[in-house]
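Shown next, in C-alpha cells, is the structure this report addresses.
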Amino acid sequence: MSSATVQPNRQYASNIPKYYVYTAFKGFGFGLFTAMWLIYLQQQRGLTLSQATLIDVPFWIAAAAGEIPTGIVADLFGRKTSLIIGAGMAGISAISWALAPTLPLIILAYVFMALGITFLSGAEDALLYESIQMMGHGEDYTRLVGRTGALLLGATALGNVVSGLLGSVNLLLPFVGAGLSLIATLVIALTFYEPRSERKADDTPQKSYRQIVRESFSIMRQRPRLRYAILFLTLIPLASFMMETFFVQPQSIALGVSVWWSWQSN
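Counted the way my numbering counts, the sequence shown spans residues 898 to 1163.
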C-alpha cells in the first residue's frame, strides 16, 4: 500500500474515535435539555401545560418540514458541513431558548433547534458509514453503529441525572450546560475528515427539491405497503414519545417529586 493511500485511510480512521466523543457530548447535551424543559416552562415561565404543548408544536412542524431540504444540503455540500451547521444551531438555540425574554422568542429558538437537529439527522450516520467504507471495513458498520447507539443512550441518561442536580440549584443551568455540550460537538465536527472529498465528482445532474418531493410521494402512492410502514413507524413511536414528554414530568412534580429526582421520569 502506497503512502498516498495510507494517509487518507488514517484520516478516515481518525473519524471513528472522534465520532464516539461527538456522540457522547450530543447525548449528554440533549439529556440535560429534555429532563427539565417542561418543568422550566411551568415553574420558571409560569406556563400551563396547554401553553407548553403549543410551544412544542412549531418544533415538530419545523423538524418535519426541514428533513428533506437539510438532507439535500448534506448531499450537496458534505456531511461535515451539515454537522457543523446543525451542531452550531442546536448549541446556540439551547442557550437562547432558556434566556429568551419573551414567548415568541422562545418559540423561535425552539424552531431553530428543530432545524439544527434535522441537519444532524442522517448526516451523522452517513459520515460514519462513509468513513468506514473508505477505510475498507464496511462489514464493521453494524458493530460500530451499535456501540454509538449504546453510548448515546448512556450519555443521555447521564445528562438526565446531571440535569436534575443542576435544576435543583437553578433551572437555567441545565440549558446553559446543554448549550455548551452541544457547542462542544461543533468543535469536534470541525475536526472530522470529509469522506466524500476523496470521491470522484458525480456527473449525474442533481435533482431539485421539488423533484425529490414529487418522486417520494409517487413511490408512496405506487407502494401501499411502504406507505403504511412509514406511517406506522412515524406515528406510533411519536405518540408514545409525546405522551412521555408532556405528562411524566408535570405528573412527577404534582406527586411531590423534587426537581432533583424528576430526572428519573425520563
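For every residue, glycine included, the Cβ atom is placed at its ideal position computed from N, Cα and C.
The C-alpha of residue 1082 is placed about 12 Å away from the C-alpha of residue 977.
The beta carbons of residue 1085 and residue 922 sit closer together than 8 Å. Taking the C-beta atoms as reference points, residue 958 is found no nearer than 8 Å to residue 938. For residue 906, the closest alpha carbon among the candidates 1030, 1114, 1120, 1061 is that of 1030. Measuring C-alpha to C-alpha distances from residue 1077 to each of 985, 1132, 1048, 1117 identifies 985 as the nearest. Under a 10 Å Cβ-count criterion, residue 1007 is classified as buried, with 16 or more other Cβ atoms of the shown protein chains found around its own Cβ.
A contact is defined here as three or more CB-CB pairs under 8 Å, and the segment 1015-1031 meets this definition with respect to the segment 965-973. Secondary structure at residue 999: coil, using DSSP grouped into helix, strand and coil. Taking one beta carbon from each stretch, the segment 1048-1065 and the segment 927-947 have 3 or more pairs nearer than 8 Å; the two touch. A direct Cα-Cα distance of roughly 10 Å separates residue 948 from residue 954.
The DSSP assignment places 934-940 as complete runs of the alpha helix (DSSP H) inside the segment 901-955, in order along the chain (cut-off: 4 residues). For secondary structure counted as the beta strand (DSSP E) over 3 or more consecutive residues, the segment 1024-1050 holds no complete run.
Less than 8 Å separates the beta-carbon of residue 1092 from that of residue 909. In the three-state scheme derived from DSSP, where H, G and I count as helix and E and B as strand, residue 1115 is classed as helix. DSSP places residue 1120 in the coil class of the three-state scheme, outside both helix and strand. Residue 1039 is classed as exposed because its beta carbon has fewer than 16 other beta carbons within 10 Å across all chains shown. Residue 1052 and residue 975 have their C-alpha atoms some 27 Å from each other.
Distance from the CA atom of residue 1125 to the CA atom of residue 1015, rounded to whole angstroms, is 23 Å.
Under a 10 Å Cβ-count criterion, residue 1116 is classified as exposed, with fewer than 16 other Cβ atoms of the shown protein chains found around its own Cβ. Closest in C-alpha terms to residue 1013, from the list 1047, 1072, 1079, 1055, comes 1079.
By the neighbour-count criterion, in which 16 or more other beta carbons inside 10 Å mark a residue as buried, residue 1045 falls on the buried side. If the five residues before and after residue 1010 are omitted, its C-beta is found closer than 8 Å to the C-beta atoms of 956, 986, 987, 990, 991, 994, all from its own chain and listed in chain order.
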